[in-house]
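Okay, so here's the structure we're looking at.
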Amino acid sequence: MATENHPRFASTPRTRRQMLKSSMSLTGAAVLGATAFGSGVLSGCSRSTASDVDVNQSPAAALGLHEDAILVGPLDKPTLTWTDHNSEPYNIAEATAGRTTLMFFGYTSCPDQCPVYLNNMAAAIDTLEASARAVNVLFVGVDTARDTPEVMKNYLESKDRNFLGLTASPAEIDGVLASLALPSVSFPDGTEGNYTVGHPLQCVAFTRDNLCHVMYPYDLRQSEWADQLKVLSTIEWPAEES
Amino acid sequence: MIRSFVSLAVVTAMMGLAAGCGSSDPAIAVSGATIPVPMNPTVAALYFVINNSGGADVLTQVATDTGATATLHRSSMNPDGTSAMETLHEVPIDEGSSLAFKPGGYHVMLDNPGDLAVGQQVEVTLRFKTSDPITVSAEVVESLTEESHGH
Numbered sequence: 000m001a002t003e004n005h006p007r008f009a010s011t012p013r014t015r016r017q018m019l020k021s022s023m024s025l026t027g028a029a030v031l032g033a034t035a036f037g038s039g040v041l042s043g044c045s046r047s048t049a050s051d052v053d054v055n056q057s058p059a060a061a062l063g064l065h066e067d068a069i070l071v072g073p074l075d076k077p078t079l080t081w082t083d084h085n086s087e088p089y090n091i092a093e094a095t096a097g098r099t100t101l102m103f104f105g106y107t108s109c110p111d112q113c114p115v116y117l118n119n120m121a122a123a124i125d126t127l128e129a130s131a132r133a134v135n136v137l138f139v140g141v142d143t144a145r146d147t148p149e150v151m152k153n154y155l156e157s158k159d160r161n162f163l164g165l166t167a168s169p170a171e172i173d174g175v176l177a178s179l180a181l182p183s184v185s186f187p188d189g190t191e192g193n194y195t196v197g198h199p200l201q202c203v204a205f206t207r208d209n210l211c212h213v214m215y216p217y218d219l220r221q222s223e224w225a226d227q228l229k230v231l232s233t234i235e236w237p238a239e240e241s
Numbered sequence: 000m001i002r003s004f005v006s007l008a009v010v011t012a013m014m015g016l017a018a019g020c021g022s023s024d025p026a027i028a029v030s031g032a033t034i035p036v037p038m039n040p041t042v043a044a045l046y047f048v049i050n051n052s053g054g055a056d057v058l059t060q061v062a063t064d065t066g067a068t069a070t071l072h073r074s075s076m077n078p079d080g081t082s083a084m085e086t087l088h089e090v091p092i093d094e095g096s097s098l099a100f101k102p103g104g105y106h107v108m109l110d111n112p113g114d115l116a117v118g119q120q121v122e123v124t125l126r127f128k129t130s131d132p133i134t135v136s137a138e139v140v141e142s143l144t145e146e147s148h149g150h
């Protein structure tokens with residue numbers, strides 16, 4: 000599995016991803032076997048062969064997922080009806096039932112991190128076989144004053160026609176973030192000019208069982224997203240321990 | 000006479016040594032300036048790499064010929080996992096260092112850059128506390144490729 004030994008990450012500064020992981024445990028999502036994460040760093044550079052039982056693997060990697068993926072929950076998919084970028088009502092649970100669905104909370108005036116995520120995702124989807132492209136990529140515009148349906152439509156369709164923007168009231172968005180154990184959106188004191196918005200950077204993945212078992216750092220590479228989309232489209236989650 | 004000459008040489012050499020450690024002139028080169036076509040036409044990001052083979056300096060301003068308001072920024076992540084965007088008034092360039100402005104980190108936000116077409120060249124001027132201004136050409140690119148993400 001391509002996600003097992005990842006030599007590139009051996010030399011990658013991991014601070015942000017480690018922060019992301021610790022933030023997930025802080026916000027209450029169940030992180031399985033978090034202690035194995037740190038030792039996963041070493042596996043990339045000191046082990047020359049992958050073995051069937053690799054005690055240094057992250058719990059996510061043991062399931063065939065990217066080693067930096069964050070196992071959570073499982074958490075329920077939101078059942079709310081929001082507004083999509085065509086200004087049509089969009090019931091998230093109904094519209095995405097049984098399909099791999101990625102949800103990211105960003106804003107269209109974001110100069111850096113949101114385009115990084117969307118660029119890599121669009122490029123990843125481009126590389127996939129048609130069968131693996133059956134993925135919903137939802138972009139929730141958290142900056143509701145500026146992220147209007149029209150703005151999001153132009154923004155997302157400039158990158159990938161399959162991306163769909165969603166909008167809702169700030170309270171509804173924060174409610175869904177809370178249900179996913181993610182921090183709420185934060186605005187600066189003044190919102191004149193091209194202000195920036197604080198938003199979660201985790202990409203939330205729902206699988207065919209309509210549950211979220213895993214979240215990702217926003218800055219996976221194109222090839223890593225392509226790999227993960229393939230894995231997510233077929234993954235069978237282990238039965239929950241009671 | 001000979002002794003004083005020698006000591007003068009030693010002092011000169013020591014001065015040279017000291018200069019190498021901290022007070023030599025910066026020697027800055029800027030490369031790889033790129034502007035991905037923005038998804039939102041009102042806000043773009045400018046990336047480049049600063050190489051400094053000399054003493055320390057400070058980047059104080061970046062301007063372009065697009066008419067955009069350019070702001071030095073750094074993206075990062077708060078301890079709670081949310082995005083953070085810091086506006087910087089200056090960016091220290093350490094002695095003998097290389098500093099990449101790249102996605103997810105330091106970047107220049109271009110506010111209202113106007114139309115940007117792939118292949119277009121944008122004139123970028125960087126101003127420093129010590130060094131003379133440096134003008135380079137930034138290429139407008141479709142989007143950053145995987146390799147240029149600087150992981």
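Protein chains in written order, with numbering that gives the first Met the number 0: chain A, 0 to 241; chain B, 0 to 150. Cβ atoms here follow ideal geometry from the backbone N, Cα and C, with glycine treated the same way.
Cα separation between residue i and residue j?
i      : j      : result
A/C244 : A/Y154 : Within the shown structure, residues of chain A are numbered from 0 to 241, placing residue 244 of chain A beyond reach of any answer.
A/T190 : B/V107 : 20 Å
B/S147 : B/K101 : Legend: pLDDT at B/S147 = 42, less than 50; position of this residue unreliable, value from coordinates given subsequently. The alpha-carbon atoms of B/S147 and B/K101 are separated by roughly 8 Å.
A/V71  : A/V213 : 5 Å
B/Q60  : B/S52  : 20 Å
B/T86  : A/E156 : 29 Å
B/G95  : B/T134 : 20 Å
B/G104 : B/P35  : 15 Å
B/G113 : A/T100 : 34 Å
B/T124 : B/A62  : 5 Å
A/Y106 : B/D24  : 42 Å
A/F103 : A/F186 : 17 Å
A/L210 : A/K76  : 6 Å
A/A60  : A/N90  : 32 Å
A/G192 : B/V42  : 11 Å
A/S183 : A/D173 : 5 Å
A/G164 : A/A133 : 17 Å
B/T68  : B/Q119 : 18 Å
Going along chain A, which residues have a C-beta under 8 Å from residue i?
i     : result
B/N51 : Residues of chain A passing the Cβ test: none, with the nearest at roughly 20 Å.
B/A43 : P110
What's the call for residue i, buried or exposed, on a 16-neighbour Cβ count within 10 Å?
i      : result
B/A116 : exposed
A/H84  : buried
A/A204 : buried
A/E93  : exposed
A/D218 : buried
A/G97  : exposed
A/A177 : exposed
A/P58  : buried
A/A144 : exposed
B/D64  : exposed
A/T233 : exposed
A/H65  : buried
A/S86  : exposed
A/K158 : buried
B/H72  : buried
A/T78  : exposed
Along chain B, in chain order, which residues have C-beta atoms closer than 7 Å to that of residue i?
i      : result
A/K158 : M38
A/T107 : N39
Below 8 Å on C-beta distance, what does residue i contact in chain B?
i      : result
A/L200 : M76, G80, T81, S82
A/T126 : The contacting residues do not exist; A/T126 stays about 10 Å from chain B at best.
Using a cut-off of 9 Å between C-beta atoms, extract the partners of residue i located in chain A.
i      : result
B/D110 : P110, G192, N193
Show which residues of chain A have a CB atom less than 7 Å away from the CB atom of residue i.
i      : result
B/G103 : D111, Q112, V115, D218
Interface residues of chain B around residue i at Cβ under 9 Å?
i      : result
A/P182 : N77, D79, G80, T81
For the region 98-148 of chain A, list the alpha helix (DSSP H) runs that are entirely contained and at least 4 residues long, ordered along the chain. 112-126
May I ask you to list, following chain order, the residues of the region 83-102 of chain B that have a beta carbon less than 7 Å from some beta carbon of chain A? A83, M84, P102
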